[in-house]
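Undergrad: For the sequence shown, my numbering assigns the number 4 to the initial residue and increments by one for each residue that follows.
Submitted below is the structure of interest, expressed as structure tokens.
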Amino acid sequence: MSRRPIMAGNWKMNNLTSESKSLIEGILAGIKDLNESQMPEVIVAPTFTSLSLVSDMISGNSKIALAAQNCHWESSGAYTGEVSVEMLKDLGCSYIIIGHSERRQYFSETDEMINKKAKSILAGGLLPIICCGETLEQRESGVTDEHIASQIRAALSGLSNSDIAKSVIAYEPIWAIGTGKTCDSVEANRVIAMIRNVVKEVSDSSTADSIRILYGGSVKPATIEEQMSMSDIDGALIGGASLKADSFNEIITNSMKVAV
Ligand code: PEP
């Protein structure tokens, strides 16, 4: 089964609107001459404050899609500071990142909240990018697989097979995020294959074959080719290296050197 790769840039809490404008201009210039049929799906996830601007700048361009970095699961109401799926859809988002380790760690997001968000995103016609990952302590104490499996089972609980097949998972070992330490590609591929197996257990094999599972954690232009040559890695969620158009564009073009 061939799965279309994804290269997704998570801009986190960076960039004023003027900086977002320059960054997206640089990305658009970099992908302009690429052959769309050979390209990965390119996604950018700016802050809420830059979504409208970036949405306008990529409008009508089928080579790039917009993601938000978070949402609330309710559609409206007294939830000060929150943003609903419908509002993000209205701005042109196709994807919403949920369960990023920074949100779990600093904003106490639980598996149950992430499951509610996944359901609300899919019900609203958008697609979740569901993050999971282990701490260094969990890795060193040998509980990586059971921890990730339980995050995935909880996030996908109650979803139909067709909704699971459309969703995206990002395996991001927390110790590799923003640290410059990339997870060894063979090990990342092993964990991602394990995740695919968990997806198969909660759905069926064609769903598990369809779902795209990304790797995230200090991905750079120099690492992406090896990562994309692995059997189960379907793309990357990129933080730091997505904040410069040159490095993000190089990641995209380097990823295309690997036949899928
Ligand atoms: C991320 O935050 O999703 C991420 C993978 O960051 P970085 O690429 O900077 O490690």
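Note that beta-carbon positions come from the ideal geometry of N, C-alpha and C, so glycine has one too.
Predicted model only: the values in this text are computed from it and were never measured.
Is the closest heavy atom of the ligand PEP to the C-beta of Ala244 under 7 Å?
TA: yes
Undergrad: Roughly how many angstroms lie between the CA atoms of Pro176 and Tyr82, to the nearest whole one?
TA: 31 Å
Undergrad: If you count every other CB in all the chains shown that lies within 10 Å of the CB of Asp166, and 16 or more means buried, which is it?
TA: buried
Undergrad: From the DSSP output, in three-state form, read off Arg6 for me.
TA: Reduced to three states, the DSSP call for Arg6 is coil.
Undergrad: Less than 8 Å between the CB atoms is what I'm expecting for Ala70 and Ala48, so what's the real figure, rounded?
TA: 4 Å
Undergrad: Is Gly95 closer than 8 Å to Ser62 when the C-beta atoms are compared?
TA: yes
Undergrad: With hydrogens ignored, establish whether the beta-carbon of Gly136 is closer than 7 Å to any heavy atom of the ligand PEP.
TA: Taking 7 Å as the cut-off, one finds no heavy atom of the ligand PEP near enough to the beta carbon of Gly136.
Undergrad: Among the candidates Ala179, Gly181, Thr182 and Ala173, whose CA atom is the shortest distance from the CA of Ala196?
TA: Ala173
Undergrad: Should Ser160 be counted as a contact of the ligand PEP given a C-beta to heavy atom distance under 7 Å?
TA: no
Undergrad: What span of residues does the alpha helix (DSSP H) with Val205 cover, start to end?
TA: Ser188 to Val205
Undergrad: Drop a sphere of 10 angstroms on the beta-carbon of Arg215, count the other beta-carbons inside from all chains shown, and report buried for 16 or more, exposed for fewer.
TA: buried
Undergrad: Hey, Arg156 and Val205: beta-carbon distance below 8 Å or not?
TA: Yes, the pair counts as a contact, with Cβ atoms nearer than the cut-off.
Undergrad: Under 7 Å Cβ to Cβ from Asp114, same chain only, skipping five residues before and after it: list those, please.
TA: Gln154, Ala157 and Ala158, listed in sequence order.
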